[in-house]
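Here is the structure we will look at.
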Amino acid sequence: FIVFPFLVGAPVLVAEFVIGRHSRHNAIQAFHRIRPGSVWPLVGWLGVVTCFVLLSFYSVVGGWVVAYIWHGISGDLAAVTDYGAFFGAMIENPGEVLLFQGLFMLATVYVVQAGVSQGIERANKYMMPALFVMFLLLALRSLTLPGAWQGVVFLLKPDWSFFNGETMLSALGQAFFALSIGVSVMITYASYLRDDYDLLRSANSIVWMNIAISLLAGLVIFPAVFALGFTPNQGPGLIFAILPAVFAKLPLGVPLFVVFMVLVLFATLTSAFSMLENIVAVLAYKKPERRAPVSWLLGLAIFLAGIPSALSFGLLKDVQFIGARGIFDSLDLLVTGWSMPLGALLIALFTAWAWQRAAVQREAMTGSNLPLWVFDLWFVLVRFVAPLAIVIVFLHGIGVF
102 FIVFPFLVGA PVLVAEFVIG RHSRHNAIQA FHRIRPGSVW PLVGWLGVVT
152 CFVLLSFYSV VGGWVVAYIW HGISGDLAAV TDYGAFFGAM IENPGEVLLF
202 QGLFMLATVY VVQAGVSQGI ERANKYMMPA LFVMFLLLAL RSLTLPGAWQ
252 GVVFLLKPDW SFFNGETMLS ALGQAFFALS IGVSVMITYA SYLRDDYDLL
302 RSANSIVWMN IAISLLAGLV IFPAVFALGF TPNQGPGLIF AILPAVFAKL
352 PLGVPLFVVF MVLVLFATLT SAFSMLENIV AVLAYKKPER RAPVSWLLGL
402 AIFLAGIPSA LSFGLLKDVQ FIGARGIFDS LDLLVTGWSM PLGALLIALF
452 TAWAWQRAAV QREAMTGSNL PLWVFDLWFV LVRFVAPLAI VIVFLHGIGV
502 F
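When we follow our numbering, the leftmost residue of the sequence shown carries the number 102, and every step to the right adds one.
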C-alpha cells in the first residue's frame, strides 16, 4: 500500500491532472478533444459508470456515519456497552440503513446540484485540519491503552504469509480508492485548474498526505482493536465498533465522538461530491440549466441502486456472488479490485502512448519550476512501470499465475 501510491498512484494522478487541465472538459469530452474520433472516450465512460456503482455502496457507509451522529445526539450511544453488537444490529435494520443512506444521498445531491465550489473549499480549510487534529489526539489515546503495542506490531510488522496476489490487488485498489484515481474524477476536477497550478508538486503532496493519514488512521484503529479485545477482521465496520469504544475512554466521550463523526461525515461527503460531480458534468455538459434536475434524478437512481448493498448485512445477507462474498463486498471488489485498476491502466496508456510526448510535457510543466528530469522520471513511470505493475498485480490477483 505504501509502494503503490508512488509507483502507480502518483503517475496516474498526474496523468489525470494533465488530461483534465489540457482539455478543460469533463471525463468524456477530454478524450474527445485530445483524440477526436477515437475509442478513447470509452475510458471516460468507464469512469462514469464506475462512479455510479461506487457511490451506490459508498452512500451506505455514509449513511452509517449519519446514523451514528443521530444515535450520539439522541443519547443512544451513552447507554451502549457492546459497540460491536450495536453496530451489527443497526446495519441489520432495513428501515434504519435505508433512511440514513437516503439522507446521505440527499445531502450529496443538494450540494452538487448547486455547484460544488460554493462553500466547500472554504469549509475544507477548517474541517479537514480539525479532523486531522482529532485523529492525532485519538492516536495518542489509542497508543496509551493497555495492550496497544500488539496492535502497532500487527499494523506495521510484515507477515509474509499474506503476501500474495489477492492482497496485492486489494492494496492496489485501496491506493486507487484513497487517491480517487482510475475513475476520471481527477480529470473533471483538473479541468477547473489554473495554468499556474503545479501539477507535479501537487500530486506529490497528495500522495504523501494520503499515506500519512492512512497510517495515522491505522494507529487509531489497530492499537484499540487489540487493547479492547476486538478482532481485526470486521472490514469497513471496524471503525464503527472501535472508535466509540476509544471515545468512551475519554472525558465527554460521546459529545466528542459526535463532533468527530460530523468531521468524518464532511470528509465522506466531499468524496461523494466528487463521484456525483463526475457523472453530472457529463450528463449536463454545456447545459447548466440541466444540472439540478440531472443531479436529483441521478441521486434517486444511485439510492435505488444502493438498496441491495444497504440490505446485504440484513435481509439480503444470504445473497452471495464473487467468491461467496455478499452484495456489498462483491461490488467493492468489482470497483476497487477490477474497474479502478483497469481505468488507471487505460489512462496511463493513453497519456504515455496515444498522446504526443511534447504536448504532455508542455502541459505537465506548465506552472512548475521543477527540473526537466522530474518530468522524464514521471514519464518513464507512467509509460512503463505503472502499466506493467497494474497488469502483473491484476493477473496475479485473479490467479492467472
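Note that the Cβ used here is the ideal one computed from N, Cα and C, for glycine as well.
Candidates the options, of which the one nearest residue i by Cα
i    : options                   : result
F118 : V181, V286 and F495       : V286
L320 : L280, K258 and S243       : S243
F467 : L434, L301, S124 and L489 : The residue you asked about is not Phe; residue 467 is Thr in the sequence shown. Closest by alpha carbon: L301.
K350 : Y211, M206 and L238       : L238
Q202 : L370, L473, L447 and F361 : L370
C152 : S375, L401 and A393       : S375
G185 : L232, V347 and V104       : V347
V58  : V140, Q457, G274 and F327 : Residue 58 falls outside the range modelled here, since the chain spans only 102 to 502, and no answer is possible.
P230 : S262, T452 and F361       : F361
L207 : W397, E193, V359 and A325 : W397
V436 : L147, W141 and I120       : L147
I120 : L471, G330 and S292       : S292
G173 : P137, V162 and V359       : V359
A215 : V494, M191, E378 and V501 : E378
P472 : V234, A425, I288 and D299 : D299
L143 : W439, F451, V501 and D183 : F451
V326 : N470, G164, V104 and G252 : G252
M310 : P259, Q457 and F233       : F233
H126 : I493, I288 and A342       : I288
A328 : F264, V254 and Y290       : V254
P195 : Y290, G164 and L447       : G164
Start-to-end residues for the alpha helix (DSSP H) that takes in residue i
i    : result
A266 : The question names Ala, yet the displayed sequence has Gly at residue 266. Counting along the chain, the alpha helix (DSSP H) containing G266 begins and ends at G266 to L280.
D477 : L473 to V481
F255 : A249 to L257
G338 : Note, G338: premise wrong, no alpha helix (DSSP H); not H, not E.
L329 : Element bounds for L329: n/a, residue is neither H nor E.
L398 : R392 to A411
T151 : P142 to S175
A445 : M441 to W454
V506 : There is no way to answer for residue 506, as the model of the chain reaches only from 102 to 502.
V436 : It is not in any alpha helix (DSSP H) - V436 carries neither H nor E in the DSSP assignment.
Q462 : R458 to M466
Q202 : P195 to V213
A373 : G354 to L384
H133 : A128 to I135
R122 : A111 to S124
A291 : V286 to A291
Spatial neighbours of residue i in its chain, beta-carbon cut-off 7 Å, leaving aside the 5 residues before and after
i    : result
G145 : A128, I129, A131, F132 and S285
L366 : V166, V167 and I170
A240 : L317, L320 and V321
V395 : V381, L384 and A385
H497 : G266 and M269
V213 : F374, L377, E378, V381 and S396
I403 : F153, L156, S157, S160 and M206
I312 : I103 and P106
E193 : F414 and G415
F495 : L270 and P442
Sequence-distant residues of the same chain with beta carbon closer than 6 Å to residue i, five excluded per side
i    : result
F422 : S431
G283 : F277, M441, G444 and A445
F429 : F158, S410 and S413
L200 : none
L256 : G319 and F323
L294 : R122
G400 : M206 and V210
V297 : Correcting the residue type first, residue 297 is Asp in the shown sequence and not Val. Answer for D297: G468, listed in chain order.
G330 : none
G438 : L270 and G274
Rounded Cβ spacing between residue i and residue j (contact assumed at less than 8 Å)
i    : j    : result
S160 : A373 : 7 Å
I322 : I340 : 6 Å
L114 : L316 : L114 to L316, Cβ: 19 Å. No contact.
G407 : F188 : Actually they are not in contact, since the Cβ atoms of G407 and F188 sit about 19 Å apart, beyond 8 Å.
F102 : A272 : 4 Å
W141 : A455 : 6 Å
R136 : S124 : Not a contact, Cβ separation roughly 10 Å.
Close beta carbons around residue i, own chain, < 8 Å, minus the five adjacent residues each side
i    : result
G427 : S413, F414, L417, K418, V420 and Q421
V363 : I170
P112 : A449, W479, L482, V483, V486 and A487
A304 : A111, L114, V115 and F118
M228 : L364, F367 and A368
S139 : F132 and A455
Using 8 Å as the threshold, is the stretch 168-184 in touch with the stretch 351-358, meaning 3 or more CB pairs across them? yes
Could you say if the stretch 402-422 and the stretch 235-254 meet the contact criterion of at least three C-beta pairs nearer than 8 Å? no
Would you be able to state if there are at least three C-beta pairs under 8 Å between the stretch 475-484 and the stretch 456-466? yes
At least three beta-carbon pairs within less than 8 Å, the stretch 378-393 to the stretch 191-199: no
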